[in-house]
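In what follows, a structure is listed as structure tokens, so that the remarks can point back to it.
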Amino acid sequence: MAPTSMVFTPFILTSCNEPKTEKETTPKNTTGETTKPETATSTNPASSNNGSSNETPAPTNPSTGGTTNPENPTPENPTNHENGSGTSASADTSTPTTPENGSGSATTNNLIDSTSQFDFNSSLDKEMLKNKILENQNATGTKKPNNFVYDRKAQKVLIAPQKINWKESSSWPVIATVKSSFIGSKQLVNAEEPTYTDSSGKTKLSSFLNVTIENNVAKFTFKTAIYSNSGNHTIDTETHYFTVDLNSSSASSSSNSNTPNTTEATNPPSSSLNQPNTSNTTIHSSNSNINYLYDSSNNYYASLEGKRGLELFQALTKLQKSKSTKFGYGNLEGFYNGSNSPFRDKYYEKDGSLLDIYSENPDGIDPYVYPDYKFDQRAKKEGDGTNREHIVPQSWFNKVEPIRSDPFFVWPTDITVNHDRENLPHDDVLQETQIFRNGAKKGNNSFGSEVFEPVNAFKGDIARAYFYFIQTYNQDSIFYSDANKIFITSFPFMNNHYLNVYSKWNSEDPVDQFDIDRNNATAAVTNGRRNPFTDYPNLVENLFGENPKPFHNLGVLVGIKENSN
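In the UniProt record's numbering, the protein residues as written are 1 to 565.
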């Protein structure tokens, strides 16, 4: 139930028929804030066919051919030229061995067409795939911006960033899943150079695939192999390929995959604002019939009148950046604890306690209550202390200031829930693995990635924080960090799955008085900057709708008038 706290002043009254974001999940450090280690050693799940093996082959840098540390790629074998966008292979450079079962359907120029042996991702953004292949082909440096890799554990072909960290592979876009009946105990390897030698002299299998484009069809070439701890790998002599038709609305093979597009951001292209591809995006409208009260004397949004879609997005980003703020990380505690703080509970128990979205139970008794924000690094369980929760995790933007201190998406929450959320995106959980005391949960989403789901009453609040982030910071280079889970490099700057989810949350949990008060109080300490998705609950339709409606300036949102009925 949306909280109500009325503001009655001589403002414009308008009826709205439309709609009303990750935290730091890291070990606690000596400074009191939770911080996630960002230099953890990672291994490559694609390099071993034995899950219990004590030795997992390291990933290979397709640009230089050497193995790469997932966190700090350093070429170790510059003679190996596996290039994610290189030419398709026609020669076997490995020592021929006795092949196991695993044939395709047709042979062309000594290549076996095995397209039918893959289930393709029906939600794959093919324009994105094409652009990433072309980015590699047009790259002038030795390192290519993208990699096309085989994940042995998931049996999927993925689009990976230049900097490989296999712990993040669940967030990489899926191209296709190889059928178990075809791959068996084998794995896909590079067709030209299936193996490489790591720094310790061990022979490893390369999981990087080559891809070319011809007549707007992407062709991926590979061989199959069985990994051996001894380095005496069994590599089939045949070279296979599969294709993706970049013209059609579906991949070359009929797809049974429900995996949504999870586009990984890389360095921005020369023009970061391209025309949108929202063919898989559903923009939800609210049926809440909430009467919103606006201050028409505030002209913050006057320059946006009549704009829509991409034009509106560009103009709004310019407006947001013009209100640059240096609030300061140390000022957040005072902001949370002030007598007029928007994080005082005036909406549920109305007792003035700290309003924490991870402990507030809107439908019952709160599991615990914090009178004030007070960090306690000794916290071991829920209810032991609070800290600053970054709805968009700090690790996604490398803790860069002033983004790190932006109170529009940095909120006070329980430190234990914050820690356990890690740096996961917010999403709907289908298979829960952990339930918190106010009903929030952690688990897997619709395509098997680990996510965090808040209670329904705060889903819209979180969605609007994510929308604020992409609207305000899409031009910052750190926005394109490989660490982020959901952002992409062009308009609408969020992959379709999360754009759909947050649009739905924005609609189902409409803007309420808590949102409004938080927006106005935050604007007062940030040089007047605002969250436009709070001021205009239907802004997602003006920006991202299939036929976006023109924006009409009403002023800024200050209250809600209850319906007389």
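Even for Gly, the Cβ is constructed at its ideal location relative to N, Cα and C.
Values in this document were obtained by computation on a predicted structure and should not be read as measured data.
Query: Between which two residues does the alpha helix (DSSP H) containing aspartate 461 stretch?; Result: 459-473
Query: Assuming threonine 534 and glutamine 320 form a contact by the criterion Cβ under 8 Å, report the distance between their Cβ atoms to the nearest whole angstrom.; Result: About 13 Å; that fails the 8 Å criterion.
Query: What is the residue span of the alpha helix (DSSP H) that glycine 334 lies within?; Result: 332-337
Query: Which residues does DSSP list as the beta-bridge partners of arginine 388?; Result: Pro412
Query: Within the continuous beta strand (DSSP E) that includes alanine 225, where are the two ends?; Result: 217-226
Query: Reducing DSSP to helix, strand and coil, say where glutamate 168 ends up.; Result: helix
Query: Would you be able to state if there are at least three C-beta pairs under 8 Å between the stretch 159-174 and the stretch 182-197?; Result: no
Query: Please list the terminal residues of the continuous beta strand (DSSP E) segment that includes threonine 203.; Result: 203-205
Query: According to DSSP, is leucine 499 helix, strand or coil?; Result: helix
Query: For asparagine 531, which residues from the same chain have a beta carbon less than 7 Å from its beta carbon, with the 5 sequence-adjacent residues on both sides left out?; Result: Phe408, Arg464, Tyr468, Asn519
Query: Within its chain, find whatever has a CB closer than 8 Å to the CB of threonine 243; leave out the 5 residues flanking it on each side and keep chain order.; Result: Asp113, Thr115, Val217, Ala218, Lys219, Phe220, Ser252
Query: Between glutamate 349 and leucine 124, what straight-line distance do the alpha-carbon atoms span, to the nearest angstrom?; Result: 46 Å
Query: For residue 632, count neighbouring C-beta atoms within 10 Å of its own C-beta (all shown protein chains included) and say buried if the count is 16 or more, exposed if not.; Result: Residue numbering for the chain in the displayed model covers 1 to 565; residue 632 lies beyond these limits and cannot be assessed.
Query: How about threonine 325: is its C-beta nearer than 9 Å to some C-beta of chain B?; Result: Among the protein chains of the structure shown there is no chain B, as only one such chain exists.
Query: What is the DSSP secondary structure of lysine 561, reduced to helix, strand or coil?; Result: strand
Query: Taking the continuous beta strand (DSSP E) assigned at residue 568, which residues delimit it?; Result: Outside the displayed range of the chain (1 to 565) lies residue 568, so it cannot be described from this structure.
Query: Taking isoleucine 462 as the reference, give the member of Asn527, Glu389, Pro402, Ser199 with the closest Cα.; Result: Glu389
Query: Using a Cβ-Cβ cut-off of 6 Å (strictly less than) and excluding sequence neighbours within five positions of residue 567, which residues of its own chain qualify?; Result: Any answer about residue 567 is impossible in this case: the structure gives the chain only from 1 up to 565.
Query: From threonine 197 to threonine 203, what does the alpha carbon distance come to, in whole angstroms?; Result: 5 Å
Query: If you compare alpha carbons, which of Thr317, Tyr347, Leu354 is closest to phenylalanine 335?; Result: Leu354
Query: By a C-beta neighbour count over all protein chains shown, 10 Å radius and 16 as the cutoff for buried, is serine 88 buried or exposed?; Result: Because serine 88 carries a pLDDT of 35, less than 50, the predicted location of this residue cannot be relied on, and the following value inherits that uncertainty. Buried, by the Cβ-count rule.
Query: So, with DSSP's three-state summary, where would you put asparagine 398?; Result: coil
Query: What residue range is occupied by the uninterrupted alpha helix (DSSP H) comprising glycine 443?; Result: Where glycine 443 is concerned, there is no enclosing alpha helix (DSSP H), although the beta strand (DSSP E) it sits in stretches over 441-444.
Query: For the alpha helix (DSSP H) containing aspartate 535, list its first residue and its last residue.; Result: 532-535
Query: Less than 7 Å between C-beta atoms, sequence neighbours within five positions excluded: which residues of the same chain meet that for serine 206?; Result: Thr60, Glu82, Val189, Asn190, Glu193, Pro194, Thr195, Tyr196
Query: Go to isoleucine 290, then tell me how far its beta strand (DSSP E) extends in each direction, as first and last residue.; Result: 290-295
Query: Cα separation between glutamate 305 and lysine 549?; Result: 11 Å
Query: Short of 8 Å in beta carbon distance, which residues of its chain neighbour lysine 374, apart from the five on each side in sequence? Order them along the chain.; Result: Gly385, Thr386
Query: Under a Cβ-count criterion, where at least 16 other Cβ atoms within 10 Å of its own Cβ denotes burial, should glutamate 562 be classed as buried or exposed?; Result: exposed
Query: Mind checking glycine 328: buried by the 16 CB within 10 Å criterion, or exposed?; Result: exposed
Query: From tyrosine 536 to serine 449, what distance separates their C-alpha atoms?; Result: 31 Å
Query: Would you decide whether lysine 318 is buried or exposed? Buried here means 16 or more other CB atoms lie within 10 Å of its CB.; Result: exposed
Query: Going by the CB atoms, is the gap between glycine 443 and aspartate 509 shorter than 9 Å?; Result: no
Query: Just tell me which of Asn553, His497, Ser200 has its CA closest to the CA of serine 122.; Result: His497
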